[in-house]
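Novice: Its first residue numbered 750, the sequence shown is counted upward by one per residue in our numbering.
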Amino acid sequence: MSPRARPWAWLLLIVPLVVWQVVMWAQYTIDDAGITFAYIDTWLHGGGLAFRPGEPPVEAYSNALWLFVLTPFAGLGFDLVVVSKILGVLSGLVAAWGLFGVARSVPEARPWTAVLAPLALWGAPLYGFWVVSGLENGLFSMLLVLMTWRALIDARWPGARWTSQLPSAALQCALVMTRPDGILYVGAVQLWLLALAARAPAVIAGAPSAPARRMKLRRWTQRAALAAGLYLIYFAARYAYFGQILPNSFAAKGPGQNGGVRLFDFGAQGWAYVFDGFHAYAVAAPLVIAIALALAWRPARRVAILALILLFAGLLFPIVAGGDWMFEWRMLSFSWPLVALLLALGAGAAVGLGGRLVARLPRLPERVRTLAPPILGGLVTLVTVLHFRGPWIARADERAEKVNITITDLAHRSDFYAYVSELAGVHTPRVADEDAGGMTWKRQVGYLDLGKLGDLSLARHYPETYGHLRDYVFHEDRPDLIHLHGAWYDYKLQDMVEWRELYAPVLAAHTKRFDHVFADNVIAVAPFVVVGPGAVVPEAKGWDGPDPVAGGRQVALSGAELAVVVADLHHQPGQGQAPLTWELVG
């Protein structure tokens, strides 16, 4: 191996971690990935960018570049579940390589401390889980790391021609196309580069070829204009097609749906989400120490400042949006490469500062002075691994009790809807459900998106106009089946009089082949006579007894072998209320 390639061999240390993460999480494809898959399928079959063919275009997805990357593979007949996982892992590997390169770019950096960045990246279950989830996390992290690396290059030498700004502009545009909140990172990078350019000396004495302030500002302007121009081309096409400035997901799940922006309320839901995530991985104290060391060590200071600015910018999104309920802190996974980079910079700073301190000690043999840095590096690595080992393993062990809903779960649920509808003589069932992805991908059911992502009317009017919700769901749309699930806590459909008058529980006597579907669900079906094998059940006219309440663990419907299970996914198993019992009026 050549001396030039030898430092990169340290990256082989992440291979066991990558294999571990893939083996642990590859079986799970998160239901939100089905949103992208459904759009690709409809697009390829001539239905445009919509959930289902024939529906109006609504931008329910927020990962346009990921959708565009996957589409050619779907057109060639490849399985999107498999392709999305392979591309996610490959993107994550490029991100690890980029992090190592960024950490190695620090003067006096050692490869055995720089490798802590990719190790901390792939060693965290929250990163591996979301990279192989079928979503855009791997692509986003790769673009974020490459953009950071390129920004450091631009800061040192901005290039002699405007064409040299194209790589940076393309990376910035791609990041925003992958996720709209990528604009936070791009804005942070642009401001950081502008500040450096503005602080540059007007003339550098003795270095006529060095870029002075005017040239740096000119290159910054060209770079920013190119990035904005590239994105505006995409934005113009997107706006012409959808007629919306932002994806519908921002109206459906933006701050207005979660009590407004509470940026400086440290007890708010968004801040709690960030604090809980850092606490779960025991990363808060090491991160603070690493940041302090990196800022104190002059060679790493510039990189540390950029990484810190980007981390703060990225955390604004979960803080303002209020986080989410999904397993392994999805919203934190986007910024995790920056956490990993800061930890590596702190380790390198500890070794660098410690080595300088040892070098100043008198009467030490030269061999001791030489061995001091690698010994310090080994100690820092050992302490880091021991500190994270327990919390990270504990988080990984939670896969046995994971709370996310996968595409497979929703495919079973959608098949169940079709089965019940067939028994009832409903040939084109209309389903109101919270989980859009797996419900619509490759499944022939009409869909009312209670999650609001694919429904402009609900996203724009709720919760400001509660009466609109009642009219829209029960009178204008009138779905054949309603699945409460997440909407249980949001819409309170069961509190409306139409719920009791128009809907009744599913008849479990005819759904035994779908018993597993009921594990975490409550379903209601419009009143009709269901005739199944060996049984004729009287028409169900409504509820006799208390309506379902959030937090209930199990509900048994007595008589005629009727049963429905109600579960609260927002609590750990066994923490719900006592079972309730309902009876149907026959």
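C-beta atoms are modelled at their ideal positions from N, C-alpha and C, and glycine is treated no differently. In this text the structure is predicted, and so the values were computed from the model without any measurement.
So if DSSP puts R1179 in a beta bridge, which residue, or which two residues, is it bridged to?
Specialist: What you label residue 1179 is simply residue 430 of the sequence shown in a count that begins at 1. Answer is G1195.
Novice: To the nearest angstrom, how far is the alpha carbon of L1060 from that of F1083?
Specialist: For the purposes of this step, residue 1060 is taken as residue 311 along the sequence shown, with counting starting at 1. For the purposes of this step, residue 1083 is taken as residue 334 along the sequence shown, with counting starting at 1. Straight-line Cα distance between these residues: approximately 10 angstroms.
Novice: With DSSP collapsed to three states, give me the class of L1230.
Specialist: Against the sequence shown, residue 1230 aligns to sequence position 481. L1230 falls in the strand class under three-state DSSP.
Novice: Looking only at its chain, what residues have a beta carbon closer than 8 angstroms to the beta carbon of L816, apart from the 5 residues adjacent to it on each side?
Specialist: Locating residue 816 in the sequence shown gives position 67, where the first residue counts as 1. Excluding residues within five positions, the ones whose Cβ falls inside 8 angstroms are T785, Y788, I789, Y810.
Novice: Helix, strand or coil for T1155 per DSSP?
Specialist: In the sequence shown, counting from the first residue as 1, residue 1155 sits at position 406. Strand.
Novice: Are the region 900-920 and the region 870-889 in contact at 8 angstroms, needing three or more beta carbon pairs?
Specialist: Taking 8 angstroms as the limit for Cβ pairs, the verdict is that the region 870-889 does not touch the region 900-920.
Novice: With three or more C-beta pairs closer than 8 angstroms as the rule, is the region 862-875 touching the region 1084-1092?
Specialist: At 8 angstroms Cβ cutoff, the stretches touch.
Novice: Spatial neighbours of E808 within its chain, please: C-beta separation below 8 angstroms, excluding the five flanking residues on both sides.
Specialist: The residue labelled residue 808 in the question sits at position 59 within the sequence shown. Excluding positions up to five away in sequence, the list reads L798, R987, F991, Q993, P996, N997, S998.
Novice: Can you tell me which of the three DSSP states I994 falls into?
Specialist: By 1-based counting over the sequence shown, the position of residue 994 is 245. DSSP places I994 in coil when its eight states are reduced to three.
Novice: Can you check which of these residues, R1227, A1096, G877, R928, is closest to A1053 by C-alpha distance?
Specialist: Along the sequence shown, read from residue 1 onward, the residue named residue 1053 stands at position 304. Taking only the C-alpha atoms, the option nearest A1053 is A1096.
Novice: With a Cβ-Cβ cutoff of 8 angstroms, do L940 and A904 count as a contact?
Specialist: For this step, residue 940 is matched to residue 191 along the sequence shown. For this step, residue 904 is matched to residue 155 along the sequence shown. Result no, Cβ atoms of L940 and A904 do not sit closer than 8 angstroms.
Novice: Buried or exposed, going by whether 16 or more other CB atoms sit within 10 Å of the CB of R859?
Specialist: Position 110 of the sequence shown, counted from the first residue, corresponds to residue 859. Buried, because 16 or more other Cβ atoms sit within 10 Å of the Cβ of R859.
Novice: Closest by CA to G1016, which one among G1071, Y1221, K965, G1063?
Specialist: Here residue 1016 refers to the residue found at position 267 when the sequence shown is read from its first residue. Nearest of G1071, Y1221, K965, G1063 to G1016, Cα basis: G1071.
Novice: Is V1175 closer than 8 angstroms to M1188 when the C-beta atoms are compared?
Specialist: As a first step, residue 1188 is located in the sequence shown; it is residue number 439 there, counting from the start. As a first step, residue 1175 is located in the sequence shown; it is residue number 426 there, counting from the start. Against a cut-off of 8 angstroms, the Cβ pair of V1175 and M1188 comes out as no contact.
Novice: Thinking A845 and L870 are a contact (beta carbons under 8 angstroms), I'd like their distance in whole angstroms, please.
Specialist: Looking up residue 845 in the sequence shown gives position 96. Looking up residue 870 in the sequence shown gives position 121. The pair is a contact, with the Cβ atoms about 6 angstroms apart (cut-off 8 angstroms).
Novice: Roughly how many angstroms lie between the CA atoms of L814 and E1250, to the nearest whole one?
Specialist: Counting from 1 along the sequence shown, the entry for residue 814 is found at position 65. Counting from 1 along the sequence shown, the entry for residue 1250 is found at position 501. Cα to Cα, L814 sits roughly 45 angstroms from E1250.
Novice: Leaving out the 5 sequence neighbours to the left and right, which residues in its chain are closer than 8 angstroms to L793 when beta-carbon positions are compared?
Specialist: Working through the sequence shown from its first residue, we reach residue 793 at position 44. Within the same chain, L793 has close Cβ partners T820, A823, G824.
Novice: For the alpha helix (DSSP H) that contains L1030, what are its first and last residues?
Specialist: Walking along the sequence shown from the start, residue 1030 turns up at place 281. The question names Leu, yet the displayed sequence has Tyr at residue 1030. Taken as a continuous stretch (DSSP letters only), Y1030 belongs to no alpha helix (DSSP H), as it is neither H nor E.
Novice: Smallest Cα separation from D1229: which of G1195, G877, L975, D1204?
Specialist: Position 480 of the sequence shown holds residue 1229. Looking at the Cα atoms, G1195 is the closest of the given residues.
Novice: Please classify Q1193: is it buried, with 16 or more other beta-carbons within 10 angstroms of its beta-carbon, or exposed?
Specialist: Numbered from its first residue, the sequence shown carries residue 1193 at position 444. It counts as exposed.
Novice: Along the chain, where does the alpha helix (DSSP H) containing N812 start, and where does it finish?
Specialist: The residue labelled residue 812 in the question sits at position 63 within the sequence shown. Counting along the chain, N812 falls outside any alpha helix (DSSP H), and DSSP gives it neither H nor E.
Novice: Is the separation between the beta-carbon of V881 and that of V1037 shorter than 8 angstroms?
Specialist: The sequence position of residue 881 within the sequence shown is 132, counting from 1. The sequence position of residue 1037 within the sequence shown is 288, counting from 1. The answer is no: Cβ separation not under 8 angstroms.
Novice: Among the residues of its own chain, which have a CB less than 6 angstroms from the CB of W1190, if the five just before and after it don't count?
Specialist: Walking along the sequence shown from the start, residue 1190 turns up at place 441. Contacts found: G783, F786, A787.
Novice: Less than 8 angstroms between the C-beta atoms of L946 and L966, yes or no?
Specialist: If you number the sequence shown from 1, residue 946 lands on position 197. If you number the sequence shown from 1, residue 966 lands on position 217. Per the sequence presented here, residue 946 reads as Ala, with Leu not at that position. Yes. Within cutoff.
Novice: List in chain order: all unbroken alpha helix (DSSP H) runs of 4+ residues lying wholly within the region 886-962.
Specialist: Listed in chain order, they are 886-905, 915-927, 931-948.
Novice: What's the gap between the Cα of L920 and the Cα of S840?
Specialist: Reading the sequence shown from its first residue, position 171 is the one you call residue 920. Reading the sequence shown from its first residue, position 91 is the one you call residue 840. The alpha-carbon atoms of L920 and S840 are separated by roughly 14 angstroms.
Novice: Using alpha carbons as the reference points, say which of T897, E885, P802 lies closest to G847.
Specialist: As a working note, residue 847 is residue 98 in the sequence shown. The option with the nearest alpha carbon to G847 is T897.
Novice: Pop quiz: A852 and A1093 are said to be a contact at Cβ under 8 angstroms. What is the actual Cβ separation, rounded to whole angstroms?
Specialist: For the purposes of this step, residue 852 is identified with residue 103 of the sequence shown, where counting begins at 1. For the purposes of this step, residue 1093 is identified with residue 344 of the sequence shown, where counting begins at 1. Their Cβ separation, rounded to whole angstroms, is 5 angstroms, which keeps A852 and A1093 in contact under 8 angstroms.
Novice: Let's test the definition: count the other Cβ atoms within 10 Å of the Cβ of A754 and tell me whether it reaches 16, buried, or not, exposed.
Specialist: Numbered from 1 along the sequence shown, position 5 holds the residue referred to as residue 754. Residue placement at A754 cannot be trusted, given a pLDDT of 49 that sits under 50; what the coordinates show is reported in the next sentence. With fewer than 16 other Cβ atoms within 10 Å, it is exposed.
Novice: Can you give me the C-alpha to C-alpha distance between L760 and W879, rounded to a whole angstrom?
Specialist: The residue you call residue 760 lines up with position 11 of the sequence shown. The residue you call residue 879 lines up with position 130 of the sequence shown. For L760 and W879, the distance between alpha carbons rounds to 21 angstroms.
Novice: Could you compute how far the alpha carbon of G1063 sits from the alpha carbon of W1020?
Specialist: As a first step, residue 1063 must be located in the sequence shown, where it is residue number 314. As a first step, residue 1020 must be located in the sequence shown, where it is residue number 271. Going by the C-alpha atoms only, they are around 13 angstroms apart.
Novice: How should T778 be labelled, buried or exposed, when 16 other C-beta atoms within 10 angstroms of its C-beta is the threshold for buried?
Specialist: As a working mapping, residue 778 is identified with position 29 in the sequence shown. Answer is buried; the Cβ neighbour count reaches 16.
Novice: L1057 and I1040 - do their beta-carbons sit closer together than 8 angstroms?
Specialist: Sequence index remark: in the sequence shown, residue 1040 carries index 291 (1-based). Sequence index remark: in the sequence shown, residue 1057 carries index 308 (1-based). Against a cut-off of 8 angstroms, the Cβ pair of L1057 and I1040 comes out as a contact.
Novice: Using CA atoms only, rank isn't needed, just tell me which of G877, K834, L766 is closest to E1077.
Specialist: The sequence position of residue 1077 within the sequence shown is 328, counting from 1. For E1077, the nearest C-alpha among the options comes from G877.
Novice: For a minimum of 4 consecutive residues, which ranges assigned as the alpha helix (DSSP H) are wholly contained in the region 1040-1071?
Specialist: Those alpha helix (DSSP H) runs which fall completely within the region 1040-1071 and span 4+ residues are 1047-1070.
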